[in-house]
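J.: Questions regarding the structure given below will be posed in turn.
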Amino acid sequence: MKSDKPCISGVYPHLAYWNNEGECGTGAVVPWAGKLWVVTYGPHCVFGSSDKLYEITPDLERKTRPESLGGTHANRMIHGETGQLFIGCYAIDSKGNVRAIPRDKMPGRLTGNARHIGDPAGKIYFATMEEGLYEVDAKTLEVREIIRDGNLNEHPGNGGASAKLPQKSKLHGYHGKGFYSGFGKAFYSNNGVHHPRVESDPTIKSGALAEWKPGDADWTPIRICQFTEITGPGGIRGASDPSKAPIWALGWDPKSVILMLNDGGEWSSFRLPKTSHSYDGSHGWNTEWPRIREIGEKDYLMTMHGAFWKFPPAFSKADFSGIRMRSSYLKVIGDFCRWQGAVVFGCDDSAQKEFFNKRGLKGENVSPLNSNSNLWFVKEPDIDRLGPALGRGSVFLREDIKGGTLSDPMLSGGFKSGVLALDHKTPAPLKVELLKSDGRGKFEAFETVELPANGSKFVKLPAAEWIKVRPLSDAKSFTAHFHFSNPDARGAEISPIFDGVMRAGSPEAGTAALLRSLERKSAKLGAYAWESGGKKISALGAYSLDGKMRLAKDGGIDAEKVKAAAFEPKGITYDSDSVLVVEAGRRYRLPRNPLYDGKSAFGTPRLAREIATERDLLNCAGTFYELPAVNAQGFAKIRPIASHNLKIFDFCSYRGMMLFSGISEGAKSLGNPRIIVSEDGKFALWAGVIDDLWKLGKPVGIGSPWHGASVAKGETSDPYLLTGYDKKTLKALADSDTELDIEVDVDGTGLWVKYGAVRLEKGKELVKEFGDDLKGYWIRFKSSKPCKITATLIYE
């Protein structure tokens, strides 16, 4: 980028945008008329808001357009015939002139545009998040209402002579996302539902994929499920030949990601594994806008459930090969594009409201005082250098299945390791046929697996593009769950970008601070700092960081609002060699580095905080974890990111960055540009982005589900985290002979499946190195006899 402004891991702090709403997301980013155009959104703004339309020059100067009206908008489309970009409620011509459609003329949260079916050269469709549908004249911007937005009242007297006035939709769900046209129809998706249990249950039937054709009064459902992106090879410009071009629709359910293909006017269904569960939630709020978009490479880029994917633009019935997971990521992304040699991601970073994402581990006074977010500039090859590829998903999940029923195909292509967990509750043996395809032909059987009555098996999978599963006889409560991964090439060495952050166990003096993003008026990060010298802790007072990355003493900020972010976590206990967390009445254990006990000379270090909207980051006992909101099954679906030996006191998000406090005294002389030193030289912070955490190194750990525990016959241990770790070894020792069953929660919902068993001889330590087929979310043990036992897991 041609800019002399500070840049931190691809984030330019001066480009950050703020609003007065509970969230400040990036709805759309589009290169047009020699500039980059960006529109932001608040959470539920049907008419207007403090959000803006921004114009960014090639040298990264940002202009706030005076035509800005605000709203909750994520739509964008280039209309070739009139040479205009439609983005939000704005039309921008080829010279950068902006016209705005008044919000009272087209109310609603604008989620998508589509090419017109009858007059594509002269008109364009707009769809809203509450199922509204409008037709707009591309030249005059005259608006015609087709389906009334669900936020509005019905037209008065909508009956008799006025019965032809548009009515509100009766389509299942709400929270619209995708919109596209082809085959003489417009296709629309939503991913939410109004239900009293959305705060805690992500399995409620939610969302829809639907269609409309001219003359229809409402959407017609195609499939009731949570759907997001709808697009095709034409992407942001729409289909050049709408009678032939395929259409792709992305969605998900409790089992997996769903990919629907419309080729020739007929829909077919595929499944992809999920990387992250922080996008789950039956209200649909946790996803923002997943996209499939051209980025100037052979393959398109797809974002879905925390993974970057290669998506082939030729994906069709004739050739459904080539989808590949590239990496996993932590940012929350609303849109992206290729611009000036980089992929620009528009993010949803720091929300003032945490909505349903509340828990006892973090408190409620830690969010930013005003919402803010930013763009993230990434070189295309660096997309492959983020988190390792990890995918989990089911094609059947606790389902009663008729014999011969064939599953949807599950993507297997591109993964080096694949394991299929099969389980059923049928009171007779069950044969299960596995079939594979290369994506260019039919599926052929390659293995038949025989399960014992009420039994299970873990099956290592061969290389294949897609795999289907078919029970050969009726099956009760049948599950077929896939776990895919690629090798984690990271070692244990921490990247030099973290040099200067204090190390656990080190006696070196340093500074620490409580951190909080402040009001929009100042647009600063507030810090209340202390320094250590020997055994003495002294207050340094209030500091602030601004968009020019100037860190200075600042008596003008409200230090009490910063100090209010201090919190004593609830529901966590540091045992001798593991961490016990209790959430929603359920017990979970994590590995523990003995250098960490949840305490610090400066006070209680930050344990959990929202760094990207509607999911938390947990820094616990030497490992960072991604922690989904409770409405996305919370702790049960936690995922390790990286292990470290950093002594971080606090961390927070600000202007799209992630900031640490807990900097060593000697950091100022290291010359690390990530260490931001205050003007008085007494205080410092580390600056990066959340996806820098992958550079800390692979997740490792040691811990014991049982440590010298006296257990009864048939007693099970607490669940101990299994997912996301590489090489696994069990060490077990008991004071009497016993058999130890090894059980795995294969999908994180409490679906415990027996993996195997080991025999322990009295007083003799057993050491067992597990193979690559031990995959799942949690592991636990069960003893066949009463004994005193230690069972320790070592992850390397």
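With this note's numbering applied, the sequence shown covers 315 to 1110.
For every residue, glycine included, the Cβ atom is placed at its ideal position computed from N, Cα and C.
Between which two residues does the alpha helix (DSSP H) harbouring residue 876 extend?
T.: That run of the alpha helix (DSSP H) goes 873-877.
J.: Suppose you measure from the CA of residue 526 to the CA of residue 841; what does that come to, to the nearest Å?
T.: Taking the straight line from one Cα to the other gives about 53 Å.
J.: Answer with buried or exposed for residue 480, where buried requires no fewer than 16 other C-beta atoms within 10 angstroms of its C-beta.
T.: With 16 or more Cβ atoms within 10 Å of its Cβ, residue 480 is classed as buried.
J.: Does the contact criterion of 3 or more C-beta pairs under 8 Å hold for the region 793-807 versus the region 694-706?
T.: Contact holds: three or more Cβ-Cβ distances are below 8 Å.
J.: Take the Cβ of residue 508 as the centre, count every other Cβ of all protein chains shown within 10 Å, and call the residue buried at 16 or more, exposed below.
T.: Its Cβ having fewer than 16 others within 10 Å, residue 508 is exposed.
J.: Straight-line CA distance for residue 656 to residue 329?
T.: Each residue's alpha carbon lies about 16 Å from the other.
J.: Does the region 600-618 come within contact of the region 741-749, defined as at least 3 CB pairs closer than 8 Å?
T.: Cβ pair count under 8 Å is below three, so no.
J.: Do you know how far the Cα of residue 491 is from the Cα of residue 446?
T.: Cα to Cα, residue 446 sits roughly 12 Å from residue 491.
J.: Check whether the region 342-352 touches the region 405-421, counting contact only when three or more Cβ pairs, one atom from each stretch, lie closer than 8 Å.
T.: Contact between the region 342-352 and the region 405-421 is present, because at least three Cβ pairs lie under 8 Å.
J.: Output the distance between the C-alpha atoms of residue 668 and residue 569, rounded to the nearest integer angstrom.
T.: Rounded to whole angstroms, residue 668 to residue 569 spans 26 Å at the Cα level.
J.: Using CA coordinates, which residue listed in 859, 763, 634 is at the minimum distance from residue 778?
T.: Residue 634 is the option with its Cα nearest to residue 778.
J.: If you follow the beta strand (DSSP E) that residue 1066 is part of, which residue opens it and which one closes it?
T.: 1066-1074 is the extent of the beta strand (DSSP E) around residue 1066.
J.: Here's the rule I'm using: 16 or more other beta-carbon atoms within 10 Å means buried, otherwise exposed. How should residue 435 be labelled?
T.: It counts as exposed.
J.: Taking the C-alpha atoms as reference points, what is the distance between residue 719 and residue 788?
T.: Rounded to the nearest angstrom, the two C-alpha atoms are 9 Å apart.
J.: Under the three-state reduction of DSSP, which class applies to residue 1084: helix, strand or coil?
T.: In this structure, residue 1084 counts as coil in the three-state DSSP scheme.
J.: Am I right that residue 679 and residue 924 are in contact with their C-beta atoms under 8 Å? What's the rounded C-beta distance?
T.: Incorrect: roughly 12 Å between the Cβ atoms, too far for contact.
J.: Going by other Cβ atoms of all chains shown within 10 Å of its Cβ, with 16 needed for buried, is residue 621 buried or exposed?
T.: Answer is buried; the Cβ neighbour count reaches 16.
J.: Under 7 Å Cβ to Cβ from residue 677, same chain only, skipping five residues before and after it: list those, please.
T.: Contacts found: 881.
J.: Give a single yes or no on whether residue 427 has its beta carbon closer than 6 Å to a heavy atom of the ligand NAP.
T.: The ligand content of the structure shown is nil, which means the ligand NAP is not present either.
J.: With respect to the beta strand (DSSP E) encompassing residue 540, which residues constitute its N-terminal and C-terminal limits?
T.: Run containing residue 540: 540-545, per the beta strand (DSSP E) assignment.
J.: Going by other Cβ atoms of all chains shown within 10 Å of its Cβ, with 16 needed for buried, is residue 371 buried or exposed?
T.: So residue 371 counts as exposed.
J.: Between 590, 596, 566, which lies nearest to residue 584 when the distance is taken from Cα to Cα?
T.: Comparing Cα positions, the closest option is 566.
J.: Pairing CB atoms from the region 1051-1071 with CB atoms from the region 940-957, are three or more of them under 8 Å?
T.: With a cut-off of 8 Å, the region 940-957 and the region 1051-1071 count as touching, because enough Cβ pairs lie within range.
J.: Shortest alpha-carbon distance to residue 673 belongs to which of 1096, 898, 926, 685?
T.: Minimum Cα distance to residue 673 is reached at 898.
J.: How many angstroms separate the CA atom of residue 418 from the CA atom of residue 393?
T.: Looking at the two C-alpha atoms, the distance is approximately 23 Å.
J.: With a threshold of 8 Å on Cβ separation, who are the neighbours of residue 325 within its own chain once the five nearest residues in sequence on each side are excluded?
T.: Within the same chain, residue 325 has close Cβ partners 688, 689, 690, 691, 969, 970, 971, 1003.
J.: Buried or exposed: where does residue 398 fall if 16 or more other Cβ atoms within 10 Å of its Cβ makes it buried?
T.: Under this definition residue 398 is a buried residue.
J.: Assess contact between the region 979-986 and the region 812-824, defined as three or more Cβ pairs (one per stretch) separated by less than 8 Å. Is contact present?
T.: Short answer: they touch.
J.: Could you tell me the boundaries of the beta strand (DSSP E) in which residue 1000 lies?
T.: Element bounds for residue 1000: 998-1002.
J.: With a threshold of 7 Å on Cβ separation, who are the neighbours of residue 817 within its own chain once the five nearest residues in sequence on each side are excluded?
T.: Correct list, in chain order: 959, 960, 961.
J.: Can you round the beta-carbon distance between residue 643 and residue 964 to whole angstroms, since I take them to be within the 8 Å contact cut?
T.: About 23 Å separates the two Cβ atoms, so there is no contact after all.
J.: Residue 389: buried (16+ other C-beta within 10 angstroms of its C-beta) or exposed?
T.: Its Cβ being crowded by 16 or more others within 10 Å, residue 389 is buried.
J.: Rounding to the nearest angstrom, what Cα-Cα distance links residue 915 and residue 831 in this structure?
T.: Cα to Cα, residue 915 sits roughly 24 Å from residue 831.
J.: Using 7 Å as the limit for Cβ to Cβ distance, is residue 666 near chain B?
T.: Given the protein chain composition of this structure (a single chain), no chain B is represented.
J.: Taking the beta strand (DSSP E) that residue 359 belongs to, which residues open and close that run?
T.: Here residue 359 belongs to no beta strand (DSSP E), and DSSP marks it neither H nor E.
J.: Which same chain residues end up closer than 6 Å to residue 859 when comparing Cβ atoms and leaving out the 5 residues on each side of it in sequence?
T.: Cβ neighbours of residue 859 beyond the five flanking positions: 839, 865.
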